[in-house]
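The structure appears right after this line, and notes come after that.
Numbering (our numbering), first residue to last: 21 to 173.
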């Protein structure tokens with residue numbers, strides 16, 4: 021199962037890299053003067069494209085102040101044209117700070133913690149003679165398996 025998650029992670033990474041590459045070519049390829057407006061627009065367009073690839077979990081659009089700080093740091097360090105690697109680093113920094121939202125994140129938290137807890141309470145009400153050290157990991161594993169099958173994680 022570990023191989024499956026890492027290969028799907030690599031697939032998503034490749035998809036994100038292709039989105040970043042496409043947006044970089046659209047906004048920064050052969051561009052000598054990058055204005056703040058163009059930079060903000062590129063980041064927002066890239067986030068929108070990544071959200072389309074993610075499906076249910078959505079990335080929040082960063083605040084203007086976060087983008088202004090990132091742009092200011094880029095401009096201080098820039099010696100000319102913005103490279104793809106620099107754009108990717110800035111984008112990662114901005115996305116980590118802005119976070120994510122959506123049904124997918126809430127589902128994972130609700131199912132991963134709520135379902136095993138609910139099953140434990142029901143087990144205790146029914147007076148089942150299954151030891152908690154076996155029951156809780158089994159329910160949690162079944163929940164993770166279900167989420168994986170439903171493509172929630």
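C-beta: ideal position from N, C-alpha, C; glycine also.
Computed from a predicted structure; not experimentally measured.
message: At the level of alpha carbons, what is the spacing between residue 22 and residue 162?
response: Summary for residue 22: the model assigns pLDDT 40, below 50, so the residue's position carries little reliability, and this model does not support an answer.
message: Cutting at 7 Å between CB atoms, please list the residues of its own chain near residue 108, excluding the five before and the five after it.
response: 40, listed in sequence order.
field: Closest by C-alpha distance to residue 168, when choosing among 83, 34, 131 and 144
entry: Distances from the alpha-carbon of residue 168 to those of 83, 34, 131 and 144 put 131 closest.
query: Exposed or buried, which one is residue 111 when buried takes at least 16 other CB atoms within 10 Å?
result: Result: buried.
- request: Count the other CB atoms, across all protein chains shown, that sit within 10 Å of the CB of residue 116; report buried if there are 16 or more and exposed otherwise.
  value: Burial call: exposed.
field: Contact check, residue 155 vs residue 143, beta carbons under 8 Å
entry: Taking 8 Å as the Cβ cut-off, residue 155 and residue 143 qualify as a contacting pair.
message: Once DSSP output is grouped into helix, strand and coil, what is the label at residue 115?
response: Three-state result, residue 115: helix.
Contacts around residue 88, its chain only, beta-carbon distance under 6 Å, and the 5 residues preceding and following it disregarded: Around residue 88: no qualifying Cβ.
field: residue 147, enclosing alpha helix (DSSP H) - first and last residue
entry: No alpha helix (DSSP H) holds residue 147; DSSP gives it neither H nor E.
- prompt: Got a sec, what are the start and stop residues for the alpha helix (DSSP H) residue 55 sits in?
  reply: Counting along the chain, residue 55 falls outside any alpha helix (DSSP H), and DSSP gives it neither H nor E.
task: Might you give, ordered along the chain, the residues of its own chain that have their beta carbon closer than 8 Å to the beta carbon of residue 73, omitting 5 neighbours on each side?
output: Cβ neighbours of residue 73 beyond the five flanking positions: 32, 35, 36 and 39.
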